[in-house]
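Undergrad: Attaching a single structure in structure tokens format; questions to follow.
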Amino acid sequence: MADADALLEPLIPALRRYAYALLRDHDAADDLVQDTLERALSRWRLRRPDGDLRAWLFTIQRNLFVNAWRQRQRQGPHAALDDVAMPGTAASQEAGLEVQDVLAALDQLPEEQKSLLLLIGVEDFSYDDAARILGVPMGTVMSRLSRGRQKLRSILETGRATLLRRVK
Amino acid sequence: MIGEDDLQAFIDDRLDASRRAAVEAHLDAHPEIRERVTAERRQRAMLRGQLAAKFAEPIPARLRIANIRAARRGIWGSGNWTGQVRLAAAALVIFVVGAAGGWFANGLAPASSPVAPTTSVAQGATAAYRTFVVEVAHPVEVSAAQEAHLLQWLSKRLGRPLAAPDLSHFGYRLMGGRLLPAGDAAAAQLMYDDASGRRLTVYVRAASGTETAFRFQQEGDAATFAWIDRGFGFAVTGMASRDELLPIAEAVYHGLAGKS
């Protein structure tokens with residue numbers, strides 16, 4: 036059981052990054068990671084010893100998030116954590132503005148696409164591993180990835196067009 | 369031929385040299401596609417860049433494994449619970465092996481009654497599953513830490529001795545349970561989850577009927593096996609395929625007898 040410490044701790048920064056990208060709230064993200072680690076410790080003996088530990092942890096965290104997220108949807112819109120408005124963007128520099136936009140734009144995607152873009156594009160999971168984490172076939176991963184990126188791009192392009200009009 | 373999957377793998381920089389050259393040539397011939405791919409690559413890089421600072425942060429104290437483990441020891445006490453479960457699992461295996469022949473004879477009998485009570489049991493179970501499986505803060509009323517109390521309470525309200533079937537063989541562990549309304553009677557729901565957080569419920573309530581065959585019902589992504597046994601209806605519901613769920617339903621059928 037002591038080996039859990041040495042195996043788990045190096046993976047925490049990536050779990051925090053994924054949690055933060057999903058929730059965009061530092062405290063809520065660490066709550067999610069803590070739940071993930073508690074669950075991993077309580078199931079330590081149930082995990083497949085030959086399996087990929089990182090993929091297992093991300094599967095746990097994603098399932099925890101989806102359960103909470105579905106619940107939030109059922110209860111109707113809350114004063115959500117991610118409703119925080121972007122502060123005075125008009126004054127920001129072009130580059131800074133665009134960076135701000137990516138995480139905000141990502142939030143407008145359905146959870147399946149958002150998670151996929153993060154798992155592949157940020158966490159560097161293989162397409163196979165991402166399919167396993169999300170519990171969907173490989174073909175779905177490829178088409179969802181393509182659709183997700185197209186949608187993200189169109190959100191960013193529309194957002195920028197709106198802003199330029201406003202600035203003018 | 370260059371496909372959409374090649375373009376995605378190009379964006380992710382996961383092509384070997386020859387394939388990448390083929391995609392480059394394709395993009396040279398189709399500037400509008402190059403424009404799109406370039407934009408998506410840039411956005412991917414920006415997303416990584418924006419999250420880099422989060423990744424670089426030191427791990428907060430409350431997320432250190434040693435601290436999480438110390439907090440857990442407080443909850444679980446001496447750790448006898450796991451030992452008991454293991455013992456129960458061993459007993460259950462012996463019991464299932466002995467009874468499997470009899471169960472299959474029942475399970476394979478054709479379901480003949482026109483409006484099977486199993487259907488309404490399955491529906492009640494699915495509705496309860498949908499309500500509580502998404503619950504994060506309070507998925508169960510009484511947790512598995514107080515298993516004896518939970519089963520005593522539910523048994524009393526159901527008017528039937530209830531045991532929590534051991535599903536650790538399938539990777540599912542008891543989370544706890546709750547009492548639910550079911551017409552003019554009560555229903556009990558036991559909830560389990562596996563290592564990846566997938567949840568499964570066992571639902572029990574009084575039901576008339578003599579049909580003992582399993583009834584399978586799939587509603588959206590929730591699959592249910594339901595059956596009637598000596599005045600009670602039982603259902604096992606989970607996000608699993610028919611083949612995955614059947615052996616679990618079998619184990620529950622035997623485990624609920626209260627002998628395991």
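Residue numbers (our numbering), protein chains in the order written: chain A, 36 to 203; chain B, 369 to 628. All residues carry an ideal CB built from backbone N, CA and C; glycine is no exception. The structure displayed is predicted, hence computed values, not measured ones.
Just the Cα atoms here: how many angstroms apart are B/V508 and B/A496?
TA: Approximately 12 Å, taken between the alpha carbons.
Undergrad: Do the region 512–519 of chain B and the region 593–604 of chain B meet, that is, are 3 or more Cβ pairs less than 8 Å apart?
TA: As far as the Cβ criterion goes, the region 512–519 of chain B does not touch the region 593–604 of chain B, which means the pair count is below three.
Undergrad: Residues of chain A with a CB under 9 Å from the CB of B/Q376: which are they?
TA: Correct list: I155, Y162, M177, L180, S181 and R184.
Undergrad: Using DSSP with H/G/I as helix, E/B as strand and the rest coil, what is A/L50?
TA: Of the three classes helix, strand and coil, the one that applies to A/L50 here is helix, per DSSP.
Undergrad: For the region 404–426 of chain B, list every residue whose C-beta sits within 8 Å of some C-beta in chain A, in sequence order.
TA: Residues R404, A407, E408, Q411, R412, M414, L415, R416, G417, Q418, L419, K422, F423, A424 and E425.
Undergrad: Where in the region 489–525 of chain B do unbroken runs of the beta strand (DSSP E), each at least 3 residues long, occur, reported from the N-terminal end onward?
TA: Taking only runs of at least 3 residues, no beta strand (DSSP E) segment lies wholly in the region 489–525 of chain B.
Undergrad: Does the beta-carbon distance from A/L57 to A/K149 come in below 9 Å?
TA: Result yes, Cβ atoms of A/L57 and A/K149 sit closer than 9 Å.
Undergrad: Is there contact here, the region 521–539 of chain B with the region 50–66 of chain A, by at least three beta-carbon pairs under 8 Å?
TA: Because the criterion of three Cβ pairs below 8 Å is not met, the region 521–539 of chain B and the region 50–66 of chain A do not touch.
Undergrad: Would you give the residue range spanned by the beta strand (DSSP E) that B/P549 belongs to?
TA: R541 to A550 is the span of the beta strand (DSSP E), which, as asked, contains B/P549.
Undergrad: Please confirm if B/G588 has its CB atom under 9 Å from at least one CB of chain A.
TA: No, no contact with chain A.
Undergrad: Can you tell which of A/V68, A/D40, A/L138 and A/N102 has its C-alpha closest to the C-alpha of B/Q418?
TA: That would be A/L138, whose Cα lies nearest to the Cα of B/Q418.
Undergrad: When you compare the CB of A/P172 with every CB in chain B, is at least one pair closer than 9 Å?
TA: No, A/P172 does not count as interfacial toward chain B.
Undergrad: Excluding sequence positions up to five away, which residues of its chain have a Cβ less than 6 Å from the Cβ of A/E73?
TA: Nothing meets the Cβ criterion.
Undergrad: Using a C-beta cutoff of 9 Å, does A/E146 count as contacting chain B?
TA: So, not an interface residue.
Undergrad: Just the Cα atoms here: how many angstroms apart are B/P533 and B/A619?
TA: Roughly 7 Å between the two C-alpha positions.
Undergrad: Flag A/Q69 as yes if its beta-carbon sits less than 9 Å from any beta-carbon of chain B, otherwise no.
TA: It does; some Cβ of chain B falls within 9 Å.
Undergrad: Does the beta carbon of A/D40 come closer than 9 Å to any beta carbon on chain B?
TA: Yes, because at least one Cβ of chain B sits closer than 9 Å to the Cβ of A/D40.
Undergrad: Taking Cβ-Cβ distances shorter than 9 Å, what residues in chain B pair up with A/T193?
TA: Neighbours of A/T193 on chain B: none; closest Cβ ~13 Å, over 9 Å.
Undergrad: Check this for me: beta carbons of B/T494 and B/T592, under 9 Å apart or not?
TA: In this structure, B/T592 lies closer than 9 Å to B/T494 by Cβ.
Undergrad: Mind checking which residues open and close the beta strand (DSSP E) that includes B/D561?
TA: Per DSSP, B/D561 belongs to the beta strand (DSSP E) from A553 to D561.
Undergrad: Beta carbon of B/A555, beta carbon of B/R528: below 9 Å?
TA: No; because the gap between Cβ atoms is not below 9 Å, this pair is not in contact.
Undergrad: Could you name the residues of chain A that B/L431 contacts, counting a contact when the two beta carbons are closer than 7 Å?
TA: Within chain A, the residues near B/L431 are I47, D65, V68, Q69 and L72.
Undergrad: Taking only three categories from DSSP, how would you classify A/L72?
TA: A/L72 falls in the helix class under three-state DSSP.
Undergrad: Distance cutoff 9 Å, beta carbons only. Does B/K428 sit that close to anything in chain A?
TA: The sequence shown places Pro at residue 428 of chain B, rather than the Lys named in the question. Cβ-Cβ to chain A under 9 Å: yes for B/P428.
Undergrad: Determine whether the Cβ of A/R89 lies closer than 9 Å to any Cβ atom of chain B.
TA: Chain B contact via Cβ: absent.
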